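In this note's numbering, the protein residues as written are 456 to 580.
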């Protein structure tokens with residue numbers, strides 16, 4: 456079950472500098488040069504709980520949903536249980552407004568050694 460959001464609405468961050476809570480993030484990996492491959496969907500359900508699923512339908516998760524917990528410290532998400540804790544990744548929320556009015560809001564997912572393996576984007580893109 457996901458949270459419905461209207462276009463342009465950004466849920467408040469869980470902590471100063473943290474990612475919006477509620478929207479479903481589309482996560483992509485980069486296995487081939489400059490080619491993004493869809494990986495799964497991520498939803499920060501609260502400031503301590505997240506869900507993952509193989510897909511999304513609109514603003515809801517679709518398919519088997521797995522629950523996990525995380526800790527938010529500023530812009531860093533440390534996954535304590537669930538999908539991302541099993542592979543020991545951590546997330547960094549980034550909000551960068553571009554000159555043309557667009558933005559690059561995303562959660563960068565990193566391995567324990569700091570390799571950027573995935574990016575998760577909340578709608579609207």
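Heads up, the beta-carbon is just placed ideally off N, CA and C, and yes, glycines get one too.
None of these values were measured; they are calculated from a predicted model.
Nearest to residue i by CA position, among the options, is which residue?
i, options, result
"residue 500", "476, 528 and 481", "476"
"residue 497", "478, 485, 536 and 565", "478"
"residue 532", "520, 564 and 512", "564"
"residue 567", "539, 507 and 505", "539"
"residue 583", "544, 543 and 537", "It is not possible to answer for residue 583, since the shown part of the chain is limited to 456 through 580."
When burial is assigned at 16 or more other CB atoms within 10 Å of the CB, is residue i buried or exposed?
i, result
"residue 461", "Caution applies to residue 461, whose pLDDT of 30 falls short of 50 and renders its modelled position unreliable; the model cannot decide the point."
"residue 546", "buried"
"residue 481", "buried"
"residue 518", "exposed"
"residue 570", "exposed"
"residue 486", "exposed"
"residue 513", "exposed"
"residue 488", "exposed"
List the residues that DSSP assigns as beta-bridge partners of residue i.
i, result
"residue 426", "Residue 426 lies beyond the residue range present for the chain, which begins at 456 and ends at 580; the question has no answer from this structure."
"residue 573", "484 and 564"
"residue 536", "DSSP, once it has assigned bridges, lists no residue as partnering residue 536."
"residue 578", "Residue 578 pairs with nothing; no bridge assigned."
"residue 546", "532 and 564"
"residue 502", "Partner(s): none; residue 502 has no beta bridge."
"residue 523", "505"
How about the segment 482-493 and the segment 524-535: do they share at least three Cβ pairs that are nearer than 8 Å? no
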